[in-house]
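Scroll down for the structure; my scribbles are underneath it.
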Amino acid sequence: MNAISQLSRRAVLAAASLLLALGASAQAYPGGPLTLMVPYPAGGASDVIARIFNTPMARDLGVPVLVENLGGVSGALGAQKVLSAPANGQSFFQGSPNELILAPLANAAVKFEAEDFQLVQLIAQTPMVVVARKDLPAASMDELVTLARQAPRDKPLNYGSVGTGSLYHVLSEHLGQVIGAKMTHVPYKGAAPLLQDLAGGNVDYAILPHFGAIDGMVAAGRVKLLGQLGAQRAETLKQLPTATEGKLLKDFAYMTWTGYLVRKGTAAEVVQRLQKAIQATLSDSKVRESLTAQSQLVARPMSLEESARFYATETAGYRKLARAVGIERQ
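Going by my numbering, 332 is the number at position 312 of the sequence shown; the sequence numbering is gapless.
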């Protein structure tokens, strides 16, 4: 065999080996259990969504999808753990504007940026509600505004959030700017401990995403709802007025969202397989019913290009809002 033939044979063998390796890699994903990172303690709205999602998604993928709860630093602790793992899709993140966009602005200890993640698929948008301790002398958003304005300077109203720089912190600071009242921020690691302190009367109010546990606490008389923040009443909250229906907050309308993300740089075929499984799960009627029961407005399937555009627009908008209220990295 001459030298040229030997080189050709080696090239063919090398190409065949590469194709076999690529095929094995594609078939191997996911090669074991996946970790779905929820950046808040168990029992909150984010955790509820993850546990609606993980079992049917595991059926589609053929491997377990394990929920991991890691609260702290407005959700940035869980985000950082995903970024510290290999970019192979085995660990993915359940994210919202809180952890992805706002936490890096508010805390110099957070070393990542929103752009370090890739949004694979939006899961749902969520109406936000204003939850108050049961004995707060206000029954509506207008009455809350009046109460905040009339509070003594040495004893302002206080409000809870899921952490410094979280959307609910930013929105409460924005509310204070709009109404001209100073209020005291009390940060928590997640919605579950915050709700417990609201029920205990230790916090005056909080802006939170609406989910089923809040309704249970309202029904039990442990907390009360003052209003919702959407531009229109959500289908699942038809009985609760929006802030804009009152006289004092005509333009105060916001919603939040949840999506599944991976570390940027994850291989395209891995992202596409994960996207396929997420979208198949979103089309499951039982999943949709369960999400709707938690006040989630289920997202439509999005292409990766649509997801990227949505994420970029949201990042720019929330950065602008945070800086307007003076929340940015020092």
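For glycine and all other residues, C-beta sits at the position ideal for the given N, C-alpha and C.
What does DSSP give as the partner residue(s) for F272 in the beta ladder? As a position in the sequence shown, residue 272 is number 252, starting the count at 1. In DSSP, F272 forms no bridge with anything.
Smallest Cα separation from G285: which of V151, T75, G63, P106? Against the sequence shown, residue 285 aligns to sequence position 265. Nearest of V151, T75, G63, P106 to G285, Cα basis: P106.
Taking the Cβ atom as the reference point for each residue, do V182 and G220 lie within a distance shorter than 8 angstroms? Within the sequence shown, residue 182 is the residue found at index 162, counting from 1. Within the sequence shown, residue 220 is the residue found at index 200, counting from 1. It is not a contact, given that the beta carbons lie outside the stated cut-off.
Taking Cβ to Cβ, would you say L245 is nearer than 8 angstroms to V150? As a first step, residue 245 is located in the sequence shown; it is residue number 225 there, counting from the start. As a first step, residue 150 is located in the sequence shown; it is residue number 130 there, counting from the start. Going by C-beta atoms, L245 is nearer than 8 angstroms to V150.
Quick check on the burial criterion: 16 or more other C-beta atoms within 10 angstroms. Buried or exposed for D67? Position 47 of the sequence shown, counting from 1, holds the residue named residue 67. Per the 10 Å Cβ criterion, buried.
Just checking my contact of G115 with F137 at CB under 8 angstroms: how many whole Å lie between their CB atoms? The sequence position of residue 115 within the sequence shown is 95, counting from 1. The sequence position of residue 137 within the sequence shown is 117, counting from 1. Sure, about 7 angstroms apart at Cβ, within 8 angstroms.
Cβ-based neighbour list, M322, same chain, cut-off 8 angstroms, excluding 5 preceding and 5 following: Start at 1 with the first residue of the sequence shown, and residue 322 comes out as number 302. The residues Q141, L142, F330, in chain order, have a CB closer than 8 angstroms to that of M322 in the same chain once the five nearest residues on each side in sequence are set aside.
Compute the beta-carbon to beta-carbon distance between I121 and Q314, rounded to the nearest angstrom, for a pair I have assumed lies under 8 angstroms. Within the sequence shown, residue 121 is the residue found at index 101, counting from 1. Within the sequence shown, residue 314 is the residue found at index 294, counting from 1. A Cβ-Cβ separation of about 23 angstroms leaves I121 out of contact with Q314 under the 8 angstroms criterion.
Buried/exposed call for K271, threshold 16 Cβ in 10 Å: Taking the sequence shown and counting its residues from 1, one reaches residue 271 at position 251. According to the sequence provided, residue 271 is Asp. The question's Lys does not apply to it. With fewer than 16 Cβ atoms within 10 Å of its Cβ, D271 is classed as exposed.
My output table needs one value for T204: the three-state DSSP class, helix, strand or coil. Mapped onto the sequence shown, residue 204 falls at position 184. Note: T204 maps to strand in three-state DSSP.
If you draw a straight line from the C-alpha of T204 to the C-alpha of D174, how long is it? Locating residue 204 in the sequence shown gives position 184, where the first residue counts as 1. Locating residue 174 in the sequence shown gives position 154, where the first residue counts as 1. The alpha-carbon separation between T204 and D174 amounts to approximately 11 angstroms.
D224 burial status per 10 Å Cβ neighbour count (16 or more: buried): Taking the first residue of the sequence shown as position 1, residue 224 is located at position 204. Residue environment analysis places D224 among the buried positions, since at least 16 neighbouring C-beta atoms fall within 10 angstroms of its C-beta.
Give every residue of the same chain whose Cβ lies closer than 6 angstroms to the Cβ of A201, excluding the five residues on either side of it in the sequence, and list them in chain order. The sequence position of residue 201 within the sequence shown is 181, counting from 1. Within the same chain, A201 has close Cβ partners A168, R169.
Apply the 10 Å Cβ neighbour rule to A226 and answer buried if 16 or more other Cβ atoms are within range, or exposed otherwise. Within the sequence shown, residue 226 is the residue found at index 206, counting from 1. Under the 10 Å beta carbon count, A226 is surrounded by 16 or more other beta carbons and is classified as buried.
List, from N- to C-terminal side, the beta strand (DSSP E) runs of 3 residues or more that fit wholly inside the region 37 to 102. Entirely contained in the region 37 to 102, the beta strand (DSSP E) runs reaching 3 residues are, in chain order, 54 to 58, 85 to 89.
Per DSSP, what kind of secondary structure is F132 in: helix, strand or coil? For this step, residue 132 is matched to residue 112 along the sequence shown. Per DSSP, reduced to three states, the secondary structure at F132 is coil, with no helix or strand assignment.
Check each candidate in P61, L214, W277 and name the one with the smallest Cα separation from T311. One-based indexing of the sequence shown puts residue 311 at position 291. According to the sequence shown, residue 311 is Leu rather than Thr. When each option's Cα is compared against that of L311, the closest is W277.
Any contact between the region 238 to 258 and the region 95 to 106? By contact I mean 3 or more CB pairs, one from each, below 8 angstroms. No, they do not touch.
Using DSSP with H/G/I as helix, E/B as strand and the rest coil, what is M148? Looking up residue 148 in the sequence shown gives position 128. M148: strand per DSSP, three-state reduction.
Supposed contact pair L281 and L56 - C-beta distance, whole angstroms, cut 8 angstroms: The residue given as residue 56 occupies position 36 in the sequence shown. The residue given as residue 281 occupies position 261 in the sequence shown. Between L281 and L56 the Cβ distance is about 11 angstroms, and since that is not below 8 angstroms, they are no contact.
Of the choices D217, A254, A171, whose alpha-carbon is the least far from that of P231? On the sequence shown, position 211 is the one that residue 231 refers to. The residue asked about is misnamed: residue 231 is Phe in this sequence, not Pro. Answer by Cα proximity: A254.
Buried/exposed call for R283, threshold 16 Cβ in 10 Å: Counted from its first residue, the sequence shown places residue 283 at position 263. So R283 counts as buried.
What whole-angstrom Cβ distance do I347 and L195 have, given they're in contact under 8 angstroms? Here residue 347 is taken as the residue at index 327 of the sequence shown, counted from 1. Here residue 195 is taken as the residue at index 175 of the sequence shown, counted from 1. That pair is no contact at about 13 angstroms.
Can the beta-carbon of F73 be found less than 8 angstroms from the beta-carbon of V307? Residue mapping note: residue 73 aligns to position 53 of the sequence shown, counting from 1. Residue mapping note: residue 307 aligns to position 287 of the sequence shown, counting from 1. Yes, they are a contact pair.
Pick from A328, L294, L187 that is closest to K340, judged by C-alpha positions: Taking the first residue of the sequence shown as position 1, residue 340 is located at position 320. In terms of CA proximity to K340, L187 leads the group A328, L294, L187.
Going by CA-CA distance only, name the one from A65, N222, P53, G337 that's closest to A233. Counted from its first residue, the sequence shown places residue 233 at position 213. Out of A65, N222, P53, G337, A65 has the C-alpha closest to the C-alpha of A233.
Out of N108, L302, G63, P117, which one is the CA nearest neighbour of G337? The count along the sequence shown starts at 1 and reaches residue 337 at position 317. Considering only N108, L302, G63, P117, the residue with the shortest C-alpha distance to G337 is P117.
Could you give the first and the last residue of the continuous alpha helix (DSSP H) run that contains A313? One-based indexing of the sequence shown puts residue 313 at position 293. Per DSSP, the unbroken alpha helix (DSSP H) holding A313 starts and ends at 305 to 313.
Going by other Cβ atoms of all chains shown within 10 Å of its Cβ, with 16 needed for buried, is L214 buried or exposed? Sequence index remark: in the sequence shown, residue 214 carries index 194 (1-based). So L214 ends up on the buried side.
Simplified DSSP assignment, three categories, for G183: Against the sequence shown, residue 183 aligns to sequence position 163. Here G183 carries a coil assignment [DSSP, helix/strand/coil].
Are the beta-carbon atoms of L90 and P59 separated by less than 8 angstroms? As a working note, residue 90 is residue 70 in the sequence shown. As a working note, residue 59 is residue 39 in the sequence shown. For the 8 angstroms CB-CB criterion, L90 and P59 form a contact.
Beta-carbon within less than 7 angstroms of R293's beta-carbon, same chain only, minus the 5 sequence neighbours each way: which residues are those? Walking along the sequence shown from the start, residue 293 turns up at place 273. Within the same chain, R293 has close Cβ partners Y49.
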